[in-house]
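K.L.:
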Amino acid sequence: MEINSTWQSTNELLSLKFTTLTASLDGVLYAGTEGHGVVQFSPLRSWESASEGLPAQVHVYRLDWVETQLFASTSHGLYHLEEEIWQQTSVTDPCYASIGWGDRFVLTENGLLCGNDDEWLPLAFRGKKTYDLLVTPHFIFLGYEDGVACYDLFTGDWCSMPLHQAVTSLAVFNTKLVGTTERGGLVVGNKNGGFNQHRFEGMFLNRLVTHRGEVYVCANTGLYKLSEIRGNVILHALNAQAEVTDLLIWRDMMVISTRDSGIKYKHADKTGFQTVL
């Protein structure tokens, strides 16, 4: 077990590069990897592979629950878990997320799809890489290869807000739309139809995660909470000395996936991080 002042990691997981986390209602933790499929942890069985049905050397970008079904968005398409075996759907293009909001959406290398396991139909931005989808009461926001697009739920129209770079994850912070970019920066909506762009020296922002109104930033230098002081966006460090790719707030714990230090956690009301998994 590797230990520092804030985090601990189990040795058997240190060789894996983790990309994403999720958990089931019955207490199973799932983690996706770069090139090694999915692993799972349960209190009775500890860590073990959960990749049956997935191709060899598959890159898992996201694990998402849509209703009661677990989906894996991968470099080889979209899969869903059925009786502990991954089943391939009709989506074979690389995909980056699966989202349920009334309908089911899949964000792929070839546009935004809508449908179900039997039939997924092109919905918008065919031929474009689409990365994340954020639903608000009046709009659907899409992070895609050219920036941000917005769908008006009342008029049924799409409009684009080009940024000349991909936006890879989205969140709402202090009533403003925020997103990470393919270059590791942060874009913040200015409420006038545009965005201000921010770069943090020495940092590459991987993903935004929202929980109970707070926005957390997973970065190559650790885990941060997004804050604002006198109109300036700042990152408040949460002492995770690792390259963090995803955050899951699960039961009474904060759990992170990393590219270089396995899976780590801390109790939500504690400052130090440890691992008993």
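Sequential numbering of the sequence shown, starting at 1086, is according to our numbering. Every residue, glycine too, gets a C-beta built ideally from N, C-alpha and C. Computed from a prediction, not measured in an experiment: that's the story for all the values here.
1) When burial is assigned at 16 or more other CB atoms within 10 Å of the CB, is W1171 buried or exposed?
2) Taking only three categories from DSSP, how would you classify S1342?
3) Roughly how many angstroms separate the alpha carbons of L1323 and N1277, rounded to a whole number?
4) Give the list of continuous beta strand (DSSP E) stretches no shorter than 3 residues that lie fully inside the segment 1279–1306.
5) For E1328, which residues does DSSP report across the bridge?
6) Who are the Cβ neighbours of L1114 in its own chain at under 6 Å, not counting the five residues just before and after it?
7) Using 10 angstroms around the beta-carbon of A1327, count the other beta-carbons present and answer buried if the total reaches 16, otherwise exposed.
8) Between which two residues does the beta strand (DSSP E) holding D1188 run?
9) Can you name, in chain order, every residue of its own chain whose Cβ lies under 6 Å from the Cβ of H1165, other than the five neighbours on each side?
10) Less than 8 Å between CB atoms is the rule here; does Q1154 satisfy it with respect to chain C?
11) Which residues in the same chain as T1253 place their Cβ atom closer than 7 Å to its Cβ, once the five residues preceding and following it in sequence are excluded?
12) Assuming the contact rule is C-beta atoms closer than 8 Å, S1131 and V1124 should be a hit. Round their C-beta distance to whole Å, please.
13) Would you list, in sequence order, the uninterrupted beta strand (DSSP E) runs of no fewer than 3 residues that lie entirely inside the segment 1228–1285?
14) Who are the near neighbours of L1051 in its chain, counting only those whose CB is closer than 6 Å to its CB and skipping five residues on each side?
15) Could you tell me the distance, in whole angstroms, from the CA atom of G1138 to the CA atom of E1230?
16) Between Q1093 and V1257, what straight-line distance do the alpha-carbon atoms span, to the nearest angstrom?
17) Name the residue from D1111, V1329, K1351 whose alpha carbon lies nearest to the alpha carbon of D1337.
18) Of the choices V1220, G1196, H1223, whose alpha-carbon is the least far from that of R1211?
19) Please state the DSSP three-state secondary structure of S1158.
20) Output yes or no for whether 8 Å exceeds the beta carbon distance between L1271 and V1318.
21) Have a look at L1238, F1239, L1163, H1223 and flag the residue whose alpha-carbon is nearest the alpha-carbon of D1203.
22) The beta strand (DSSP E) with E1133 in it runs from where to where?
23) For C1303, collect the residues of the same chain with a Cβ closer than 7 Å to its Cβ; drop the 5 residues on either side in sequence, then sort them by chain order.
24) So L1206 packs on V1176, CB below 8 Å; how close in whole Å?
25) Whole-angstrom Cβ separation of L1311 and A1325, contact assumed at under 8 Å?
26) Indicate the three-state DSSP secondary structure (helix, strand or coil) for N1317 in the structure shown.
27) Under a three-way DSSP split, which group does R1147 fall into?
28) Do you know how far the Cα of H1321 is from the Cα of E1286?
29) Pull up the CB-CB distance for I1413 and L1238, whole angstroms please, since I reckon it's below 8 Å.
30) Tell me where the beta strand (DSSP E) around P1179 begins and ends.
P.N.:
Taking the structure as given:
1) Numbered from 1 along the sequence shown, position 86 holds the residue referred to as residue 1171. Label assigned to W1171: buried.
2) In the sequence shown, residue 1342 corresponds to position 257, counting from 1. Note: S1342 maps to strand in three-state DSSP.
3) Mapped onto the sequence shown, residue 1323 falls at position 238. Mapped onto the sequence shown, residue 1277 falls at position 192. Each residue's alpha carbon lies about 32 Å from the other.
4) 1280–1283, 1290–1296, 1299–1304
5) Indexing the sequence shown from 1 puts residue 1328 at position 243. Bridge partners of E1328: none, in fact.
6) For the purposes of this step, residue 1114 is identified with residue 29 of the sequence shown, where counting begins at 1. Within the same chain, L1114 has close Cβ partners A1108, F1126.
7) Residue 1327 sits at position 242 when you count from the first residue of the sequence shown. So A1327 counts as buried.
8) Locating residue 1188 in the sequence shown gives position 103, where the first residue counts as 1. Segment 1188–1193, the beta strand (DSSP E) holding D1188.
9) For the purposes of this step, residue 1165 is taken as the residue at position 80 of the sequence shown. Same-chain partners within the cutoff: Q1154, F1156, Q1172.
10) Protein chain content of the structure displayed is limited to a single chain, and chain C is not contained in it.
11) Counting from one through the sequence shown, the residue named residue 1253 turns up at place 168. For T1253, where only same-chain residues beyond five positions count, the Cβ hits under 7 Å are Y1216, D1217, G1228, T1265, T1266, E1267.
12) To locate residue 1131, count along the sequence shown from 1; it is residue 46. To locate residue 1124, count along the sequence shown from 1; it is residue 39. The Cβ separation is near 10 Å, so there is no contact.
13) Runs found: 1232–1237, 1243–1247, 1252–1258, 1261–1266, 1271–1274, 1280–1283.
14) Missing from the structure shown is residue 1051; the chain here goes from 1086 to 1362 and no further.
15) Counting from 1 along the sequence shown, the entry for residue 1138 is found at position 53. Counting from 1 along the sequence shown, the entry for residue 1230 is found at position 145. Approximately 30 Å, taken between the alpha carbons.
16) Taking the first residue of the sequence shown as 1, we reach residue 1093 at position 8. Taking the first residue of the sequence shown as 1, we reach residue 1257 at position 172. Reliability fails at Q1093, whose pLDDT of 44 lies under 50, so the model's placement of it is uncertain and no value is given.
17) Within the sequence shown, residue 1337 is the residue found at index 252, counting from 1. For D1337, the nearest C-alpha among the options comes from K1351.
18) Walking along the sequence shown from the start, residue 1211 turns up at place 126. The residue with the shortest Cα to Cα distance from R1211 is G1196.
19) Translated into positions along the sequence shown, residue 1158 becomes position 73. In the structure shown, S1158 sits in a strand (DSSP, three-state: E or B).
20) Along the sequence shown, one-based indexing puts residue 1271 at 186. Along the sequence shown, one-based indexing puts residue 1318 at 233. The answer is yes: Cβ separation under 8 Å.
21) As a first step, residue 1203 is located in the sequence shown; it is residue number 118 there, counting from the start. Taking only the C-alpha atoms, the option nearest D1203 is L1163.
22) The residue labelled residue 1133 in the question sits at position 48 within the sequence shown. Counting along the chain, the beta strand (DSSP E) containing E1133 begins and ends at 1131–1134.
23) Taking the sequence shown and counting its residues from 1, the one referred to as residue 1303 is at position 218. Contacts found: N1291, R1292, V1294, V1329, T1330, D1331, L1332.
24) Locating residue 1206 in the sequence shown gives position 121, counting from the first residue. Locating residue 1176 in the sequence shown gives position 91, counting from the first residue. Actually they are not in contact, since the Cβ atoms of L1206 and V1176 sit about 11 Å apart, beyond 8 Å.
25) Taking the sequence shown and counting its residues from 1, the one referred to as residue 1311 is at position 226. Taking the sequence shown and counting its residues from 1, the one referred to as residue 1325 is at position 240. Not confirmed; about 15 Å, so no contact.
26) Locating residue 1317 in the sequence shown gives position 232, counting from the first residue. Three-state result, N1317: strand.
27) Sequence index remark: in the sequence shown, residue 1147 carries index 62 (1-based). Strand at R1147.
28) To locate residue 1286, count along the sequence shown from 1; it is residue 201. To locate residue 1321, count along the sequence shown from 1; it is residue 236. E1286 and H1321: Cα-Cα distance of roughly 14 Å.
29) The question about residue 1413 has no answer, for the chain in this structure spans 1086 to 1362.
30) Residue numbering aside, residue 1179 sits at position 94 when the sequence shown is read from its first letter. Element bounds for P1179: n/a, residue is neither H nor E.
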